[in-house]
Every structure is written in structure tokens, then in C-alpha cells.
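K.L.:
Submitted below is the structure of interest, expressed as C-alpha cells.
Protein chains: 2
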Amino acid sequence: MKRVPDSTVRRLSLYLGFLEELEESGEATVSSDVLARLGGTTSAQVRKDLSIFGSFGKRGLGYFVPELTTRLREILGLGRDWHVCIVGAGKIGLALAQYPGFREKGFHVSALYDASTAKVGTRLDSIPVRDVGRLAADAETEHFDIGVIAVPAEGAQFVADTMVAAGIKAIMNFAPVQIAVPADVVTRTVNMGLEFEALSFALANLSK
Amino acid sequence: MKRVPDSTVRRLSLYLGFLEELEESGEATVSSDVLARLGGTTSAQVRKDLSIFGSFGKRGLGYFVPELTTRLREILGLGRDWHVCIVGAGKIGLALAQYPGFREKGFHVSALYDASTAKVGTRLDSIPVRDVGRLAADAETEHFDIGVIAVPAEGAQFVADTMVAAGIKAIMNFAPVQIAVPADVVTRTVNMGLEFEALSFALANLSK
DNA sequence: CTAACTTTGTGAAGAAATTCACAAGCCCAG
DNA sequence: CTGGGCTTGTGAATTTCTTCACAAAGTTAG
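For the record, the sequence lines run as chains G and P. Here the first sequence stands for residues 1 to 208, numbered as in this note's numbering. Here the second sequence stands for residues 1 to 208, numbered as in this note's numbering.
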């Protein structure tokens with residue numbers, strides 16, 4: 001398939017969000033122009049984004065909301081449940097595990113891992129907290145699609161290596177460091193520090 | 001000044017992180033090639049990124065670590081303290097207010113705001129929790145550089161409007177919705193759902 | 001001091017993403 | 001059934017970002 005720009009994937013997610021709202025409010029169709037306004041982009045951009053995957057609209061009318069919603073879910077791989085394991089039962093790890101919107105989207109947290117003996121053995125909303133050393137062994141019986149790294153910077157690469165060894169192909173990294181993985185493993189790093197520094201930059205250069 | 005791509009700002013933040021580590025480990029100089037390797041980019045990219053702001057290197061040698069560190073901090077506006085107010089004393093708001101790395105970078109949380117009467121009046125590590133209705137009035141006496149939106153989707157636009165009315169020019173939005181603001185206000189939205197959906201997309205299209 | 005080597009800074013080339021602009025298709029009113 | 005009005009889908013133009021490639025400048029060894 002044609003290469004899909006990362007920016008397009010982000011926008012498709014956005015569009016999907018709007019479509020779900022539109023569906024809720026009973027709209028039957030929506031035009032690229034309306035989606036563009038909601039998403040802060042242009043109608044041509046919306047159409048180009050969608051055209052990568054096919055032509056879903058009807059000229060003179062727009063897109064059928066339920067149909068496009070379904071198609072976008074398919075495209076984004078949201079039709080199914082993804083099994084997620086989280087390493088690091090600290091603030092971020094626990095918040096993620098408990099966040100209801102997360103499960104609603106099909107991301108099912110099947111286990112939490114931590115290195116602290118105090119936390120291991122406890123449970124959080126029926127999710128067991130296990131020793132991180134068991135991750136590789138557990139992965140043999142339980143399948144994990146996505147691994148979340150929610151440990152401090154120092155431990156991130158080690159956790160990533162463990163996940164890779166356990167056969168996990170997609171990693172979401174919340175530690176503020178780059179992690180190295182083989183080419184067939186996808187990673188995304190969410191680094192809040194970077195976001196704030198971008199704001200700082202914007203503020204420092206407002207008038208220039 | 002020449003327009004600075006968003007991607008460049010992100011990379012500068014990354015480089016700064018590496019430089020801080022290099023400084024700690026006592027490296028005197030660093031080449032664009034080393035920075036590129038650490039940041040997963042190319043040496044030409046590193047040099048282009050820096051060249052927007054001037055020429056800081058020495059041919060045949062590279063960049064002096066302490067000097068480049070200082071320059072990047074200046075460029076990113078990290079030489080000073082930014083006053084931050086957070087609206088929403090829920091999980092995200094509290095986590096952010098307590099995160100030590102945040103203050104170390106110069107982001108000083110001066111107040112938390114919430115709508116719940118149960119939370120208003122309490123304190124968190126000496127940070128007062130106040131009623132959100134007071135934000136505009138407080139902004140007259142206290143100066144806020146950055147406003148953080150850490151409320152559910154429904155309340156986000158209202159909070160943004162309040163912040164804009166209070167004269168805040170930079171907003172970090174953690175609510176999973178787009179917010180509309182005047183052109184002279186900078187916003188960044190951190191939407192974890194989008195990140196996970198991007199992983200989902202990658203997984204669903206791995207072999208294609 | 002010289003020659004071989006390293007590394008920057010930057011125009012020019014190339015690639016990628018966005019925007020333009022319009023033919024083609026579909027709806028709807030009369 | 002016809003004509004005016006919308007809206008899509010998409011090549012082409014444009015803009016933006018990245019990579020190439022090399023002269024210029026500095027370093028280091030002998």
C-alpha cells in the first residue's frame with residue numbers, strides 16, 4: 001500500500017472522533033469541509049487523507065457518517081481488542097490502567113508489571129501487578145500486542161529490550177528518552193517535557 | 001526571524017537533553033554526527049536545525065558542549081521561570097503539579113484550579129487549589145504564562161475561553177478535543193488516545 | 001610548517017506534504 | 001427530465017522539509 005504519512009494517521013484519528021460525535025447527534029452525512037473546520041485543516045486535506053484508502057464519499061452530498069465511521073475504525077485497526085501490558089505501576093502506569101476511555105477504544109490492559117516487591121502481587125481493578133522478570137515468560141502463554149513503558153528514564157531501554165525479547169511489536173514509551181528497537185518493532189514516545197519546551201519556545205519568540 | 005518548523009523545535013529539545021547528559025559525563029565537545037545518532041536523525045539535519053539560529057560550531061572539532069547547551073536553553077526560552085496555572089485537579093493535573101522534573105525545567109506551578117468544592121481550599125505541596133471562577137481575577141494580580149487544561153472534554157473549551165480572557169498566551173491542552181483560541185494564543189494538545197490509535201494503525205498494517 | 005584528516009555551514013537538489021483548481025458525479029427543485 | 005448547485009476525487013502546482021555534497025575552516029601528527 002502507498003506509504004501513509006504519520007500526520008495523516010493523526011488526522012484520521014481526529015476525524016473519527018468528530019464522526020463519533022456527529023453520529024451521536026444524528027447527522028446522516030458530513031462534507032469534507034465540515035470535517036476540515038472541526039479538525040482545523042482544509043477540505044482538500046481531508047479528501048486527500050481519505051483518498052489514500054479509497055473513495056468513500058458521494059459527490060454533491062458528502063460522506064455517510066456511519067459508513068465513514070466504520071471505515072475509519074477499520075483503517076485504524078480499532079475493530080478489535082488489543083492486549084496491552086504496562087510496565088511500571090507508578091502514576092502514569094496506574095492512571096492508564098484505570099482510564100475507562102482506554103478500554104472503550106479497545107485497548108485492554110491485561111497485566112501490570114513492576115520491579116517493586118511492595119507492589120507485586122497486588123491488584124488494581126482486577127488487573128494483577130506482577131514482577132517484571134516474569135514478562136517474557138508470561139508472553140509465551142498470554143499474547144501482548146502493545147507494551148507500555150511507564151518507568152523512569154534509566155529503566156526504559158531495559159524494559160524495551162525485555163518487551164522485544166517477549167515478541168511485542170508495538171511499544172508506547174512514556175519515559176523521556178529515546179529507545180532503540182529492531183526495525184520491525186514500532187515505537188511512539190510521548191514526552192511531555194518536549195511539549196512544554198515547545199510552548200516555552202513559542203512564548204519566548206512570540207513577537208519575533 | 002525565519003519561520004521555525006515545529007519538527008525543528010522538537011529536535012532542539014531532544015538535542016538539549018543529550019547535551020545535558022554529555023555535559024554531566026564531562027564531554028567537552030560533540031559533533032553533529034554524534035547528536036544525530038543519539039536523536040535518530042542525520043548530521044545534516046542537526047546542522048540545519050542549528051543554522052536557523054546561528055553558527056555555534058567549530059569546523060574540524062564540533063560544538064562545545066556547555067556553550068551549545070546554554071544557547072539551546074536560550075533559544076527554547078528555558079533560561080527563565082515560567083508561571084503555570086493548572087485547571088483541573090484530577091489525576092493529570094495533580095500528577096503534573098507534583099512532577100519534580102517539571103519545576104527543574106523552570107515550569108513553576110503557582111496555582112491549581114478546580115470546580116469541585118471538595119477540592120477547593122486544599123493544598124498540594126504548598127500549591128493552593130482554588131475555585132476556577134477566580135482564575136480571571138487572580139490573573140490580574142498574579143501573572144500566568146502558561147495555562148494547562150486538565151479537565152474532561154466537555155469543559156475544555158470553557159476553560160480555554162477563561163484562560164484567554166485572563167490574558168494567558170500559551171495553553172497546554174490535555175483534554176481530548178480541539179480547542180479554538182485567537183490567533184495570538186499558542187496551544188498544544190496532548191492527546192494520548194491519538195498516540196495509541198497510531199500504534200493500532202501501525203499494528204493493523206504491519207505486513208502491508 | 002605542511003599535509004592529511006575532521007567537521008561545520010550552506011546552497012542546491014530532492015522528497016514529501018499541502019494546497020489549488022477543476023472535471024465528473026450526484027442531488028434536488030421545478 | 002433538465003439545469004443549477006454542491007461536493008468529491010485527483011492531477012498539477014506549490015510549499016515545506018530533508019538530504020546531498022562540497023568549499024571553507026580548523027585540528028593534529030610529524
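Ideal Cβ placement from N, Cα and C applies to all residues, glycine included.
(1) From the DSSP secondary-structure annotation, give me the bridge partner or partners of His83/G.
(2) Let me check understanding here. Comparing Cα to Cα, which of Met172/P, Leu124/P, Ala160/P, Leu112/P lies closest to Ser200/G?
(3) Would you verify that the beta carbon of Ile149/P is, or is not, closer than 7 Å to some beta carbon of chain G?
(4) What is the DSSP secondary structure of Pro100/P, reduced to helix, strand or coil?
(5) Expressed to the nearest angstrom, what Euclidean distance is found between the alpha-carbon atoms of Leu78/P and Leu94/G?
(6) I need the straight-line Cα distance from Leu112/P to Val84/P, nearest angstrom please.
(7) Check the Cβ of Phe196/P against every Cβ in chain G and list those closer than 8 Å, keeping chain order.
(8) Please report the residue range of the beta strand (DSSP E) in which Asp49/G lies.
(9) Any idea what DSSP makes of Asp114/P, helix, strand or coil?
(10) Find the nearest neighbour of Asp131/G within the set Glu142/G, Asp138/G, Ala115/G, Ser25/G, judged by alpha-carbon distance.
(11) Measure from the C-beta of Ser200/G to each C-beta in chain P and report whether the shortest distance is under 7 Å.
(12) Identify whether Thr122/P lies in helix, strand or coil by the three-state DSSP scheme.
(13) Starting from the beta carbon of Met192/P, find every residue of chain G whose beta carbon is closer than 7 Å, and list them in chain order.
(14) Would you mind sorting Met163/P into buried or exposed? The rule is 16 or more other CB atoms within 10 Å of its CB.
(15) In this structure, how does DSSP classify Ile92/G when only helix, strand and coil are distinguished?
(16) Can you pull the chain G residues whose beta carbon is under 7 Å from the beta carbon of Leu206/P, in chain order?
(17) Does DSSP put Arg3/G in a helix, in a strand, or in coil?
(18) How big is the Cα-Cα spacing for Leu203/G and Pro152/P?
(19) If you reduce the DSSP assignment to three classes, tell me which class Asp131/G lands in.
(20) Taking only the alpha-carbon atoms, compute the straight-line gap between Ala97/G and Ile179/P and give it to the nearest angstrom.
(21) Using three-state DSSP, classify Val212/P as helix, strand or coil.
(22) At which residues does the alpha helix (DSSP H) containing Ile75/P begin and terminate?
(23) Find the residues of chain P that neighbour Val9/G, judging by a C-beta separation of less than 9 Å, and give them in chain order.
(24) Below 8 Å on the Cβ atoms is my contact criterion, and I expect Ala28/G with Phe56/G to pass it. Report the Cβ-Cβ distance as a whole number of Å.
(25) Just by C-beta distance, which residues in the region 48-79 of chain G are closer than 8 Å to chain P?
(26) Nearest-angstrom Cα distance between Arg47/G and Ser31/G?
(27) Beta-carbon separation of Lys2/P and Ile75/P under 7 Å?
P.N.:
So, from the data block:
(1) His108/G
(2) Met172/P
(3) no
(4) helix
(5) 31 Å
(6) 9 Å
(7) Phe102, Lys105, Phe107, Ile146, Met172
(8) No beta strand (DSSP E) holds Asp49/G; the alpha helix (DSSP H) holding it covers 43-51.
(9) strand
(10) Ala115/G
(11) yes
(12) coil
(13) Val190
(14) buried
(15) helix
(16) Lys169
(17) coil
(18) 26 Å
(19) strand
(20) 26 Å
(21) With chain P represented from 1 up to 208, any question about residue 212/P goes unanswered, as that position is not in the structure.
(22) 65-75
(23) Leu194, Glu197, Ala198, Phe201, Ala202
(24) Between Phe56/G and Ala28/G the Cβ distance is about 14 Å, and since that is not below 8 Å, they are no contact.
(25) Ile75, Leu76, Gly77, Leu78
(26) 10 Å
(27) no
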